[in-house]
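In our numbering, the protein residues as written are -18 to 510.
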């Protein structure tokens, strides 16, 4: 007899899933008991960190990642981190244990009441199978749905007594199933896009995370060079799909209507590829587009196309479309953009390391191909000014702004890359507390992430908003009294605190040379204890 558990795992492993991120409860033990040899279980101490690790892992591998949550409480703990996975289009398969099927209606302890409704509207698909025999098929549906464009997280609640039931003969067909999306932009659409770009007097490209996910970075570079046009990265992008020292690179667009329109002023044609139009944050009103500007939108997500407030949208795979455009748009005849000057010389200080100086030190210390997981939101412009990112997947950022992404996502990304690439997490002292338990996982599994905590004693992004909104000094803006060296060592990660550039450089060099995780707390503002 093949059990539901055996059949379900056959489906998962057929899709290449060999790692589970979880924090188990009693409802999940039968599922884990059926886990076959060769599958790695990565334990996290909190479901927010668990989901963040899976998110980083999926972003790094490009494939699905399996998350095992504990009923409703564990699912609720993961919801904040789930918002980032939604907007980065991470193909996460979330499973949650449900109480014994015959007792669900009684709402006994650890019942996930109306389980399918709990993660909506964040997930693409949420279900609790109507019978034990339907569990393997529902797992298959969940994985295919997560992977089909537009990619995104899915959720499946399973009563824990289902796993030991007989699967039935129909489950044998599931592991060999494949679902391939073959849609592409037609000749008429490509011709219109190419013609608009070729006829533009001053075009500009705005690129988003789908470009990096489709591994279309080289096509984006080729198109920018044929057009001799500048390139911006979309606001709140979870990835940077364009080399940051390329002559065309202009940085990350700000996240307000007024400032986006200001940056796009003077361009008659804007092509937004692989990103929403636009993910604003700060409320600084203005015209959505400069007068006389035409916006073209290329996305794999029909929802992004539908909700955009302006522009003309084409829905299809972004990578093939950029490849086609790069091949058919003629060279503009404009002078190539001049080479960018080197990174600006950062200012130093005696009693602290200003963020831009710190990022310059990280750039110098990090080996080629390092992946930078950034969650110091108030210093992103300083990071971009100093970064030298040339390889795809070199920059990860919380796509929805949900705090707690940085530390666990770095662990997940390093688990995915193994020895091929190093990962450094650049995280603010306020943000770090939301995912701090990821340090324990890094220590237990000897995941060689370099954790860099920017310690300024305050929520820098909130202070920026306080200035923007004119709210003045409100409660809850500062976070004094944190000692990340003691916290880190308590979780098993060796750590050091530094407050000058020379010490920071030495600490970063030692951390990147280590064969396990290391944490460097860097004082980045004056007067911080």
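From the three backbone atoms N, C-alpha and C, an ideal C-beta is built for every residue, glycine too.
Opening and closing residue of the beta strand (DSSP E) in which residue i lies
i: residue 77; result: 73 to 79
i: residue 252; result: 250 to 254
i: residue 280; result: 275 to 280
i: residue 29; result: That residue, residue 29, is in no beta strand (DSSP E); its alpha helix (DSSP H) goes 28 to 42.
i: residue 295; result: 293 to 296
i: residue 269; result: Per DSSP, residue 269 belongs to no beta strand (DSSP E) and is neither H nor E.
i: residue 405; result: 404 to 409
Cα-Cα separation between residue i and residue j, rounded to whole angstroms
i: residue 225; j: residue 250; result: 22 Å
i: residue 40; j: residue 374; result: 8 Å
i: residue 67; j: residue 77; result: 18 Å
i: residue 268; j: residue 245; result: 11 Å
i: residue 423; j: residue 489; result: 17 Å
i: residue 117; j: residue 19; result: 20 Å
i: residue 469; j: residue 124; result: 36 Å
i: residue 33; j: residue 380; result: 12 Å
i: residue 161; j: residue 126; result: 11 Å
i: residue 132; j: residue 331; result: 47 Å
i: residue 193; j: residue 121; result: 26 Å
i: residue 343; j: residue 404; result: 11 Å
i: residue 6; j: residue 335; result: 44 Å
i: residue 175; j: residue 305; result: 9 Å
i: residue 57; j: residue 22; result: 21 Å
i: residue 351; j: residue 407; result: 12 Å
i: residue 94; j: residue 106; result: 17 Å
i: residue 512; j: residue 73; result: Nothing about residue 512 can be read from this structure; the chain reaches only from -18 to 510.
i: residue 165; j: residue 171; result: 10 Å
i: residue 173; j: residue 382; result: 35 Å
i: residue 113; j: residue 36; result: 29 Å
i: residue 376; j: residue 53; result: 32 Å
i: residue 109; j: residue 152; result: 17 Å
i: residue 395; j: residue 86; result: 42 Å
i: residue 390; j: residue 314; result: 43 Å
i: residue 142; j: residue 9; result: 10 Å
i: residue 252; j: residue 111; result: 45 Å
i: residue 309; j: residue 199; result: 15 Å
Identity of the residues DSSP links to residue i by a beta bridge
i: residue 499; result: 431
i: residue 140; result: 79
i: residue 22; result: 1
i: residue 230; result: 212
i: residue 436; result: 504
i: residue 476; result: 500
i: residue 491; result: In the DSSP output, where bridge partners are listed per residue, residue 491 has none listed.
i: residue 46; result: 73
i: residue 187; result: 213 and 253
i: residue 220; result: 377
i: residue 464; result: In the DSSP output, where bridge partners are listed per residue, residue 464 has none listed.
i: residue -16; result: 147
Residue i - containing alpha helix (DSSP H), residue span
i: residue 396; result: 387 to 398
i: residue 421; result: 419 to 425
i: residue 182; result: No alpha helix (DSSP H) contains residue 182, which DSSP labels as neither H nor E.
i: residue 146; result: Segment: none, residue 146 is in no alpha helix (DSSP H) and carries neither H nor E.
i: residue 68; result: 52 to 68
i: residue 12; result: 10 to 14
i: residue 285; result: 283 to 288
i: residue 239; result: 238 to 245
i: residue 196; result: Per DSSP, residue 196 belongs to no alpha helix (DSSP H) and is neither H nor E.
i: residue 235; result: Looking at the DSSP string, residue 235 is not in any alpha helix (DSSP H), and its letter there is neither H nor E.
i: residue 302; result: 299 to 309
Proximity to residue i [Cα-Cα], best of the options
i: residue 409; options: 147, 238, 503 and 472; result: 503
i: residue 61; options: 113, 28 and 125; result: 28
i: residue 257; options: 274, 270 and 282; result: 282
i: residue 218; options: 137, 155, 298 and 365; result: 365
i: residue 129; options: 85, 174, 71 and -13; result: 71
i: residue 325; options: 337, 315, 433 and 236; result: 337
i: residue 242; options: 275, 486, 507 and 4; result: 275
i: residue 147; options: -13, 95, 454 and 3; result: -13
i: residue 329; options: 505, 359 and 429; result: 505
i: residue 248; options: 184, 200 and 395; result: 184
i: residue 154; options: 115, 300, 177 and 145; result: 115
i: residue 43; options: 196, 262 and 221; result: 196
i: residue 220; options: 137, 393, 369 and 354; result: 354
i: residue 316; options: -10, 210 and 473; result: 210
i: residue 189; options: 8, 300 and 385; result: 300
i: residue -7; options: 49, 471, 31 and 26; result: 49
i: residue 265; options: 451, 15, 481 and 510; result: 451
i: residue 96; options: 1, 339, 55 and 434; result: 55
- alpha helix (DSSP H) runs contained entirely in the region 92 to 139, provided each spans 4 or more residues: 116 to 128
- Run through the region 326 to 395 for me and flag every whole beta strand (DSSP E) of 3 or more residues, listed as ranges in chain order. 352 to 356
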